[in-house]
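A.B. asks:
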Amino acid sequence: MEALSRRVLLRLTAGGVVVPALSRLALAFDYPTRPVRILVGFPAGSGTDITTRLLGQWLADRLGQQFITDDRTGAATNIATEAAVRAAPDGYTLLLATSPNAVNGSLYQNLTFDFLRDIVPVAGIDRVPNVMEVTPSLPVKTVPEFIAYCKANPGKINMASNGPGSASHVAGELFKMMTGVEMVHVPYRGSFLPDLMDGRVQVVFSSIPTSIAYIRVGKLRALAVTSTTPSEALPGVPPVSAFVPGYEAVGWLGLGAPKKTPANVIDLLNKNINAALADAKIQSQLANLGGVPMPMTPGEFGKFLAEETDKWAKVVKFAGIKPD
Numbered sequence: 005m006e007a008l009s010r011r012v013l014l015r016l017t018a019g020g021v022v023v024p025a026l027s028r029l030a031l032a033f034d035y036p037t038r039p040v041r042i043l044v045g046f047p048a049g050s051g052t053d054i055t056t057r058l059l060g061q062w063l064a065d066r067l068g069q070q071f072i073t074d075d076r077t078g079a080a081t082n083i084a085t086e087a088a089v090r091a092a093p094d095g096y097t098l099l100l101a102t103s104p105n106a107v108n109g110s111l112y113q114n115l116t117f118d119f120l121r122d123i124v125p126v127a128g129i130d131r132v133p134n135v136m137e138v139t140p141s142l143p144v145k146t147v148p149e150f151i152a153y154c155k156a157n158p159g160k161i162n163m164a165s166n167g168p169g170s171a172s173h174v175a176g177e178l179f180k181m182m183t184g185v186e187m188v189h190v191p192y193r194g195s196f197l198p199d200l201m202d203g204r205v206q207v208v209f210s211s212i213p214t215s216i217a218y219i220r221v222g223k224l225r226a227l228a229v230t231s232t233t234p235s236e237a238l239p240g241v242p243p244v245s246a247f248v249p250g251y252e253a254v255g256w257l258g259l260g261a262p263k264k265t266p267a268n269v270i271d272l273l274n275k276n277i278n279a280a281l282a283d284a285k286i287q288s289q290l291a292n293l294g295g296v297p298m299p300m301t302p303g304e305f306g307k308f309l310a311e312e313t314d315k316w317a318k319v320v321k322f323a324g325i326k327p328d
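Position 321 (the sequence shown) corresponds to 325 in this note's numbering; numbering is contiguous.
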């Protein structure tokens, strides 16, 4: 490397362009010079894990080093987040930031870290809407009909979720908070789909990939998606916000780093991730996982994280949610 640098330096000196070219060269040579780990709080094979591997391969191809997906499951992504917070701020340990990070600060009272303080925003990746779906035996086909049915039958609608504080749970609680309807929360450790299809629970705010196959064959009925715009995965299904103005409850993915990570590293990663999100192949791969690209500057992503954290803190307080 030293010999190469001397040869390059001599050529650049001869051309009279030492300073600007050397600054670009130093950035390229200094980072990354070894593999980079991306800590993920979800298991291998999950949509989150797959998305991380797609972006990791893109970065590896362009920056010349491996970007290794390191799944650290458990404690609703808190294990992965804490490991990232404690890592050296040198750009070689990154965190896949996800929507649970915006909920956990108000849900868990004894965390050893503050996500907004201890993780530096790097880049947004994508948004993944949920779908509000009901058992086919429920006599409603639209969100307004569902709201009317709930108000006419208080306490008789059971809302399934993946557990207290999960994305499906807080999405439903936000709906309750904004509409004033009553729904009984029924948390599941395993799949809620058999009970939902059989009518033992009546509604869920589920991830689209989890249930889209059942929606397509009529075993579940989609009322709306939880993004503010329709989803290409479910054509013809309107957003909840068309009937409940201001409602939005999407999963999202982004990249974060330990605080004090060098700004030039963050800038390099941000530019490359945004370039990936503009690529038609990456866009298609994200769409297959239900995602919509979310390109942002680090500052924009930081503002988004603060807004999401504040939003879900209000929902956690409203619903009195406690972790398992």
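Glycine included, every Cβ here is placed at the ideal spot set by N, Cα and C.
1) Pull up the distance between the alpha-carbon of isoleucine 212 and that of alanine 226, whole angstroms please.
2) Should phenylalanine 322 be labelled buried (16 or more other beta-carbon atoms within 10 Å of its own) or exposed?
3) Is glutamate 252 helix, strand or coil when you go by DSSP?
4) Report back the beta-carbon spacing between aspartate 328 and glycine 167 to the nearest angstrom; my notes put them in contact at under 8 Å.
5) Assuming leucine 115 and aspartate 74 are in contact, meaning their beta carbons sit under 8 Å apart, how far apart are those beta carbons, in whole angstroms?
6) Please classify aspartate 122 as buried or exposed, where buried requires at least 16 other C-beta atoms within 10 Å of its C-beta.
7) On the CB-based measure, 16 or more other CB atoms within 10 Å of its CB, does glutamine 206 come out buried or exposed?
8) What three-state label does DSSP hand valine 296 in the structure shown?
9) Could you give the DSSP three-state label for glycine 258: helix, strand or coil?
10) Could you compute how far the alpha carbon of glutamate 137 sits from the alpha carbon of valine 190?
11) Taking buried to mean at least 16 other C-beta atoms within 10 Å of its own C-beta, is asparagine 162 buried or exposed?
12) With a cut-off of 8 Å, do at least 3 Cβ pairs link the segment 105 to 115 to the segment 272 to 282?
13) Please state if the CB of phenylalanine 179 and the CB of valine 241 are separated by a distance shorter than 9 Å.
14) For the structure I just gave you, are there three or more beta carbon pairs, one from the segment 264 to 274 and one from the segment 124 to 136, closer than 8 Å?
15) Give the range of the beta strand (DSSP E) segment to which isoleucine 42 is assigned.
16) Going by C-alpha distance, which of Gln70, Ser288, Gly51, Gln61 is nearest arginine 38?
17) Count the other CB atoms, across all protein chains shown, that sit within 10 Å of the CB of arginine 28; report buried if there are 16 or more and exposed otherwise.
18) Let's test the definition: count the other Cβ atoms within 10 Å of the Cβ of valine 319 and tell me whether it reaches 16, buried, or not, exposed.
19) Residues in its own chain within less than 6 Å of arginine 4 by CB, not counting five upstream and five downstream?
20) For the beta strand (DSSP E) containing leucine 58, name the first residue and the last one.
21) If you measure between the beta carbons of glycine 109 and leucine 293, is that distance less than 9 Å?
22) Whose C-alpha, out of Thr55, Asp34, Thr139, is nearest the C-alpha of glycine 68?
23) How big is the Cα-Cα spacing for proline 234 and valine 147?
24) May I ask which residues mark the beginning and end of the beta strand (DSSP E) holding alanine 91?
25) Look at the Cβ atom of alanine 91, then the Cβ atom of phenylalanine 119, and state whether they are nearer than 9 Å.
26) Run the CB neighbour count on asparagine 105, radius 10 Å, all protein chains shown included, and call it buried at 16 or more, exposed below.
27) Since alanine 246 and isoleucine 216 are thought to touch, with beta carbons under 8 Å apart, how far apart are those beta carbons, to the nearest angstrom?
28) Per DSSP, which residues does histidine 189 bridge with? Please list them.
29) Mind checking whether aspartate 202 and threonine 139 have CB atoms under 9 Å apart?
30) Can you give me the start and stop residues for the beta strand (DSSP E) that alanine 127 sits inside?
31) Whole angstroms are fine: how far does the CA of isoleucine 151 sit from the CA of serine 172?
C.D. replies: Looking at the coordinates:
1) 10 Å
2) exposed
3) coil
4) 6 Å
5) Between aspartate 74 and leucine 115 the Cβ distance is about 20 Å, and since that is not below 8 Å, they are no contact.
6) buried
7) buried
8) strand
9) strand
10) 15 Å
11) buried
12) no
13) no
14) yes
15) 40 to 44
16) Gln70
17) Annotation note: pLDDT 41 at arginine 28 (below 50); position unreliable, no value reported.
18) buried
19) This structure leaves residue 4 out entirely; the chain is present only between 5 and 328.
20) From DSSP, leucine 58 is part of no beta strand (DSSP E) but of the alpha helix (DSSP H) over 51 to 67.
21) no
22) Asp34
23) 14 Å
24) Taken as a continuous stretch (DSSP letters only), alanine 91 belongs to no beta strand (DSSP E), as it is neither H nor E.
25) no
26) buried
27) Contact flag wrong, Cβ pair sits at about 20 Å.
28) Met163
29) yes
30) 123 to 138
31) 18 Å
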